[in-house]
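These protein sequence lines map, in sequence, to chains A, B and C. Here my numbering is used: the first residue of the first sequence is 1, the next is one more, and so on. Here my numbering is used: the first residue of the second sequence is 1, the next is one more, and so on. Here my numbering is used: the first residue of the third sequence is 1, the next is one more, and so on. By construction, the Cβ of each residue, glycine as well, lies at the ideal position given by its N, Cα and C atoms. Since the structure is predicted, the reported quantities are computational estimates derived from the model, not experimental observations. Structure first, commentary second.
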Amino acid sequence: MTTITPDLAHSGGVPVSAGDNYLTHGRGIASWIFTLDHKRIGVMYLVSVLSAFFLGGIFAMVIRTQLINPNGAIFTDQAHFRYYNEMFTLHGAVMIFLVLIPGIPGALGNFVLPIMLGAKDVAFPRLNLGSYYLYVSGALLAILAIVVGGVETGWTFYTPYSVTTDVDKLGLGKHAVEFMVFGVFLLGFSSIFTGMNFIVTMHKLRPPGMTWFRMPLFLWAIYATSIIQVLATPVLGITLLLLIAERTLKVGIFNPAYGGDPVLFQHFFWFYSHPAVYIMILPAMGIMSEVIATFSRKHIFGYKFIALSSIAIAIIGFLVWGHHMFPNGQSTMLATIFSFLTMAVAIPSAIKVWNWLATMYRGSIDLKTPMCYAMGFLFLFAIGGLTGVFLGTLSVDVHLHDTYFVVAHFHYVMFGGTMMGFLAGIHYWWPKITGKMYNETLGRIGCVLVFIGFNLTFFPQFIRARTACRGVMPRTCRSFIRITS
Amino acid sequence: MTAVTTSLSQILADGGATFWLPRNASNLAGNVDIAFNLLLYICTFFFMVIVGAMTFFIIKYRRKTANDETPLITHNTPLEILWTGIPLVLVVVFFFIGFNGYMDYDTPASNAYVIGVEGRQWNFAFNYPNGGTSSELYVPINTPVKLSMESKDVLHAFYVPVFRVQRNLIPGRTTELWFIATKHSPLPNPKTNDPGGFPVFCTQYCGDGHSKMTTRIHVLDMPEFEAKLRELANPFKEKDPAGKEHWVPYAKVGQKFATSNGCFSCHSTDGSKGTGPTWKDLYKSEVEFDACNVPGYTLKKTDSDEKWDAYLRESIIDPPAKVVHGFTPQMQSFASVFAGDPGSQKDEKLRALITYIKSVGSDYKAPEENPELYDASKTKVHPESVAGQEEAKKLHPPESGETGTTQPAPETGK
Amino acid sequence: MTTVAQESHEPHEHGNEEHLAHHWDTPKQQFDAGKLGIWLFLTTEILLFSGLFCAYSVYRANHPEVFEYAHLYLNKWLGAVNTIVLIFSSLTMAWGVRAAQLGQKKLLVTLLGITLACGGVFMCVKFVEYKDKWSHGTLWAGEYHPHVLPGGVTKADVFGPGGAAAATPTLPNAPATQKAFDGPIFEGSTVARAPAGPAGLSAAWVEKESAREEHLSVRDTERPWTGPVPKNTQIFFSIYFLMTGLHGLHVLAGMAVIGWIMLRASRGEFGPKYFNPVDFVGLYWHVVDIVWIFLFPLLYLIH
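Written out as structure tokens, the structure is:
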């Protein structure tokens with residue numbers, strides 16, 4: 001355990017004694033739950049996000065356990081398959097909306113952004129706290145949904161299935177899906193407010209001398225993320241409100257039984273949810289830029305290229321949502337344009353990878369835990385990113401769409417990318433957050449276990465599309481050719 | 001490792017498949033395989049470059065002393081342009097290859113043979129131009145086939161891995177999928193329980209029975225295909241090995257309809273509980289309702305055949321009208337398949353299905369296999385049809401044994 | 001590592017700049033940040049509405065006849081009154097911001113009061129319109145059972161004294177739970193309706209509906225609509241209620257915040273040095289106004 005020396009640069013000019021810091025300054029629960037301090041809010045986010053990660057992990061364990069046996073190890077007949085369907089729906093919804101999206105911006109962004117920028121706090125501290133409580137309310141509503149009925153719509157809430165399906169476990173009416181959808185709506189606004197806060201902070205609270213191209217690359221990544229959060233999430237908001245109206249009032253916009261169009265829902269949903277994957281991955285890329293430069297003891301290579309590639313990803317990311325609908329019968333022209341733009345996203349991602357590698361060139365590389373995670377990120381994200389090119393290629397996507405290949409690709413990007421980056425960031429900033437050093441050996445062991453375990457779980461899924469389709473494993477097959485895109 | 005060894009053993013068992021892709025059996029598969037393999041080689045190469053460079057740097061430039069000095073390198077614009085340019089050229093190439101294959105997939109041959117596909121929770125039904133229906137798809141080999149698909153309830157997808165094609169079924173829209181099957185499908189083998197054909201999957205999550213929403217495609221030579229079509233179009237008639245046509249009992253015809261309309265994805269016939277009530281001993285049992293459109297309606301063992309028939313009929317045409325205790329109104333109406341005026345083909349189909357449901361009960365008396373009565377070359381109408389019964393009444397006036405029927409009228413004993 | 005004390009959120013740190021939060025250097029910086037923040041928020045509001053505008057565009061492009069027919073149910077004069085009321089309230093709001101900047105407390109409170117009243121008038125007119133729809137059965141798709149045709153024509157006018165029941169015999173194969181007349185007219189899809197809905201939908205049902213169309217088309221030429229009644233008119237009302245409903249909620253939220261700054265204004269909190277909330281609420285109110293300015297022609301004035 002190493003004690004970190006007090007960082008007077010961030011004391012805001014207020015003279016403080018050596019033992020006084022943000023953790024010890026106020027005591028008691030109230031000093032935390034009403035805090036306007038971005039660092040405490042960041043820590044609260046960190047705790048909540050990691051709890052949600054644990055919950056989502058339990059759901060994942062149930063899924064994997066069920067699939068040990070081709071006929072289903074836990075739920076063995078159709079009457080119980082809905083519980084399996086609930087598990088993968090909840091795994092998806094919890095991991096996406098409660099972990100990946102708010103994770104890095106909410107926890108690490110909140111903590112380090114003002115510090116890195118040299119600001120005293122984020123622009124709107126009260127909004128920041130409000131955003132955290134919207135997150136908590138959204139999470140509670142999701143848990144309520146699980147308790148009152150369980151949600152088995154798939155995390156994409158595709159209509160018309162999501163309009164009709166529901167169960168009522170407690171006799172409170174069939175409203176589980178509404179609770180879940182409204183919870184996600186609140187989480188969306190939590191995300192919007194965080195994004196707004198960060199954008200304004202970076203525009204208006206940069207101290208003199210901190211020009212745009214002097215900002216740390218993590219902040220550029222967060223800036224790009226915030227743009228997506230502010231511009232894409234409201235569309236998810238209205239989509240979810242419409243879905244609630246569809247279920248409660250039966251407005252028919254997305255329901256073909258009333259003359260509506262289910263494909264419109266998919267367009268709305270993916271207009272948010274595709275940019276959302278960049279909300280998830282961009283901050284992790286920002287952490288990579290910090291960690292690799294630090295532990296290679298080198299100036300980051302191609303600073304401006306990395307910074308602008310984040311913005312490029314954010315912008316192009318808005319124009320590719322249609323690739324989730326290639327086999328939907330959308331017009332050939334649309335499919336062509338979306339495929340081309342999807343390919344275009346690969347370029348800025350590739351630029352980042354090359355620049356990170358070039359940063360390591362002639363460096364002094366120290367494989368401390370964050371750097372181990374960063375190397376894991378490079379390995380896994382390379383696979384995740386390159387398989388994304390397969391899926392962007394029109395004719396190949398027609399074959400691979402909605403199969404395990406997509407599931408594997410997505411996990412390589414989201415876990416192999418975002419979560420590895422998040423873990424790198426947690427270790428990297430752990431001393432800054434807690435004032436204590438973690439155990440280096442245990443940290444490295446953890447990293448190696450995560451890396452090996454992840455590959456053992458997900459690499460076989462790339463070839464499952466080939467093997468399970470023989471029809472010899474009906475139950476495993478069912479889950480493998482599943483939803484998602 | 002198990003997964004890898006399993007897949008390796010399966011490759012050995014399945015000729016024509018590669019490590020990554022199943023076998024290739026349509027005109028469109030070639031395009032996809034070329035694109036996939038090209039991507040695979042190029043992407044593997046770049047993966048090796050990235051991971052190789054990373055590993056090499058980690059080893060070569062590992063920190064030697066705590067005070068290592070490193071050079072200050074900020075950027076190198078030609079290098080940036082190079083590694084932006086190369087991926088750009090590559091993705092443009094990938095795009096065009098993919099686009100090329102997609103255009104083939106998206107442009108059905110104008111002379112394609114059209115087969116209708118209906119998706120329901122949780123089965124597919126195929127409608128052939130001659131009026132035949134089936135639950136597994138039969139297609140002729142080396143002939144362009146276009147599937148005209150629609151969903152009757154929620155989103156589904158039709159995915160044939162060996163053909164490398166996939167298209168969603170969307171309620172309220174018609175989507176199309178075409179292909180030319182280029183290889184014969186494996187023949188069914190009852191001994192090993194192998195259903196034969198190529199597998200088809202629904203890839204769009206559609207509810208509890210999604211995993212069961214699979215079917216098979218049988219690729220046949222044209223003459224066999226035509227024979228199959230004739231058989232499918234006339235479920236009421238059958239040819240025995242001697243080539244003599246005879247009528248098929250309604251209970252057996254009804255079973256065919258139950259299969260082709262996917263009834264068994266929710267209703268069992270062995271008493272096990274599914275999404276809907278089991279049909280085993282359903283007829284003339286005690287039924288309780290959670291929801292009912294007629295106040296005070298009850299259905300008992302002792303109720304008349306007519307009442308029971310009316311109930312079964314309504315439950316197929318308008319399922320939410322009466323909901324059996326312990327179940328939810330999930331079933332969609334089958335009116336488009338079965339609702340017709342008495343004596344019409346749709347109505348006869350419905351009567352056959354109802355007869356089948358009765359036949360799963362313990363006290364069902366099967367009609368006698370009267371070869372005379374069931375000889376299709378002699379009697380113009382099916383002995384169990386409305387018209388057939390009218391005729392039988394004329395031939396054998398009052399109570400004489402109308403054994404060839406299970407219709408309510410003759411079964412007076414109950 | 002040490003940090004700014006939380007107590008520093010207290011205003012006294014900056015001496016007489018009583019509204020300046022601790023992390024800002026100057027009031028101008030705080031004002032600029034707030035302005036950027038409110039603009040970003042308004043962007044998200046516009047994007048929230050954009051989903052509905054997008055749905056409107058898709059359905060109108062696919063089925064222009066539905067919109068041309070169904071908009072005749074709306075009273076364009078009431079819509080026009082509401083438009084004028086809202087535009088006027090935007091004037092008083094903008095003037096109010098000016099008054100706040102000049103420190104004219106009484107004028108500010110009066111102008112905010114007028115703005116608030118305009119919001120109230122808008123909502124009352126909206127209530128009258130909704131009540132009208134309610135009584136005519138022209139609600140969103142799930143509750144769409146129109147008793148009248150556009151222009152107040154009743155079913156009896158079209159079908160004679162027997163009403164619809166006499167004119168449209170019950171369908172022989174129609175499922176028992178279907179209503180013969182009052183359901184919406186569906187197109188194409190034979191998807192069964194949600195179990196809780198009125199009924200499943202068979203092919204026979206759709207055929208009968210086309211017969212009903214002919215009935216309705218035999219009408220006086222004086223009536224506003226002389227062609228056949230288009231299918232899927234319920235979608236128009238769904239969109240109408242969603243758009244005006246979401247807008248109405250925004251008007252209510254706007255009224256609440258205007259009420260709040262009115263209270264603060266009456267306490268004399270605003271002046272040349274600090275008028276940020278008035279400015280920001282003003283911007284919000286203008287956006288609510290602008291959304292209505294698009295809604296009015298899109299829903300009421302279709303040709």
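Handout entry: Cβ contact check for the stretch 254-268 of chain C and the stretch 57-73 of chain C: 3 or more pairs under 8 angstroms
Key = no
Problem - Residues that PRO144 (chain B) bridges to, as DSSP identifies them - result: B:ILE180
Handout entry: Within 8 angstroms of chain B by C-beta, residues of the stretch 336-354 of chain A in sequence order
Key = THR336, SER339, PHE340, MET343, ALA344, ALA346, ILE347, ALA350, ILE351, VAL353, TRP354
Exercise for the section: Indicate the three-state DSSP secondary structure (helix, strand or coil) for THR221 (chain C) in the structure shown. Expected result: Unreliable placement is indicated for THR221 (chain C), whose pLDDT of 37 sits below 50; the coordinate value is still reported in the next sentence. Coil at THR221 (chain C), not helix or strand.
Problem - Given 8 angstroms, three or more beta-carbon pairs between the stretch 213-225 of chain A and the stretch 307-320 of chain A - result: yes
Problem - Of the listed residues A:VAL181, A:ASP121, A:ALA232, nearest to ALA33 (chain C) (C-alpha basis) - result: A:ASP121
Exercise for the section: Can you tell me which of the three DSSP states GLN104 (chain C) falls into? Expected result: coil
Practice task
Pick helix, strand or coil for GLN66 (chain A), following the three-state DSSP scheme.
Solution key: helix
Exercise for the section: Measure the CB-CB distance between GLU246 (chain A) and ILE253 (chain A) and report whether it falls below 8 angstroms. Expected result: yes
Handout entry: Length of the line joining the Cα atoms of LEU144 (chain A) and ASP37 (chain A)
Key = 29 angstroms
Problem - Positions along the stretch 310-333 of chain A whose CB lies within less than 7 angstroms of some CB in chain B - result: PRO327, ASN328, GLY329, THR332
Practice task
Could you please give the first and the last residue of the uninterrupted beta strand (DSSP E) stretch that includes ILE115 (chain B)?
Solution key: 113-120
Handout entry: Spatial distance of THR342 (chain A) from ARG167 (chain B) (CA atoms)
Key = 20 angstroms
Exercise for the section: Quick one: which unbroken beta strand (DSSP E) runs of 3-plus residues sit fully inside the stretch 31-75 of chain A? Chain order, please. Expected result: none
Problem - alpha helix (DSSP H) segments (min. 4 residues) lying fully within the stretch 352-393 of chain A - result: 369-392
Exercise for the section: Within the stretch 36-70 of chain C, note down every full alpha helix (DSSP H) run reaching 4 residues or more, in order along the chain. Expected result: 64-70
Exercise for the section: Establish whether the CB of ARG475 (chain A) and some CB of chain C are separated by less than 8 angstroms. Expected result: Model confidence at ARG475 (chain A) stands at a pLDDT of 44, short of 50, so the residue's coordinates are unreliable; what they give is reported in the following sentence. Chain C, which has no Cβ nearer than 8 angstroms to the Cβ of ARG475 (chain A), makes this no.
Handout entry: Distance between beta carbons of ALA232 (chain A) and PHE271 (chain A), contact taken as under 8 angstroms
Key = 7 angstroms
Exercise for the section: Give me the Cβ distance between LEU241 (chain A) and TRP140 (chain C), rounded to the nearest whole Å; I'm assuming they're in contact under 8 angstroms. Expected result: 14 angstroms between Cβ atoms; not a contact.
Handout entry: Neighbourhood of GLN121 (chain B) by C-beta distance below 7 angstroms, restricted to the same chain and skipping five residues each side
Key = ASP153, VAL154, CYS206, GLY207, GLY209
Problem - Closer than 8 angstroms to chain C by CB, VAL148 (chain A) - result: no
Practice task
Specify the secondary structure class of ALA321 (chain B) as computed by DSSP and reduced to three states.
Solution key: helix
Handout entry: PHE185 (chain A): contacting residues in chain C (beta-carbon distance under 9 angstroms)
Key = None at all; the shortest Cβ gap to chain C is about 11 angstroms.
Handout entry: Any chain A beta carbon closer than 8 angstroms to GLU80 (chain B)
Key = yes
Exercise for the section: Answer with yes or no whether the minimum CB distance from ILE73 (chain B) to chain A is below 8 angstroms. Expected result: yes
Handout entry: CA-to-CA distance, PRO370 (chain A) to ARG444 (chain A), given in whole angstroms
Key = 9 angstroms
Handout entry: Nearest residue (CA-CA) to PRO262 (chain A), options A:ASN328, A:LYS432, A:PRO234
Key = A:ASN328
Exercise for the section: With 8 angstroms as the threshold, decide whether the Cβ of TYR41 (chain B) is near any Cβ in chain A. Expected result: no
Problem - Inter-stretch contact at 8 angstroms, needing at least 3 Cβ pairs: the stretch 112-127 of chain B / the stretch 357-364 of chain A - result: no
Problem - Classification of GLY392 (chain A) by the beta-carbon crowding that lies within 10 angstroms, buried from 16 upward - result: buried
Handout entry: Residue from B:LEU229, B:THR55, B:LEU137 with nearest C-alpha to ASN130 (chain B)
Key = B:LEU229
Practice task
Find the nearest neighbour of ALA291 (chain B) within the set B:VAL324, B:ASN37, B:GLU368, judged by alpha-carbon distance.
Solution key: B:VAL324
Handout entry: Nearest-angstrom Cα separation, counted from PHE36 (chain B) out to PHE462 (chain A)
Key = 13 angstroms
Problem - Whole-Å CB distance - PHE88 (chain C) paired with CYS54 (chain C), under 8 angstroms assumed - result: So it is not a contact: roughly 30 angstroms between Cβ atoms.
Handout entry: Beta-carbon gap between PHE459 (chain A) and MET420 (chain A) smaller than 8 angstroms
Key = no
Problem - Residue burial classification, THR275 (chain B) (beta-carbon count within 10 angstroms, cutoff 16) - result: buried
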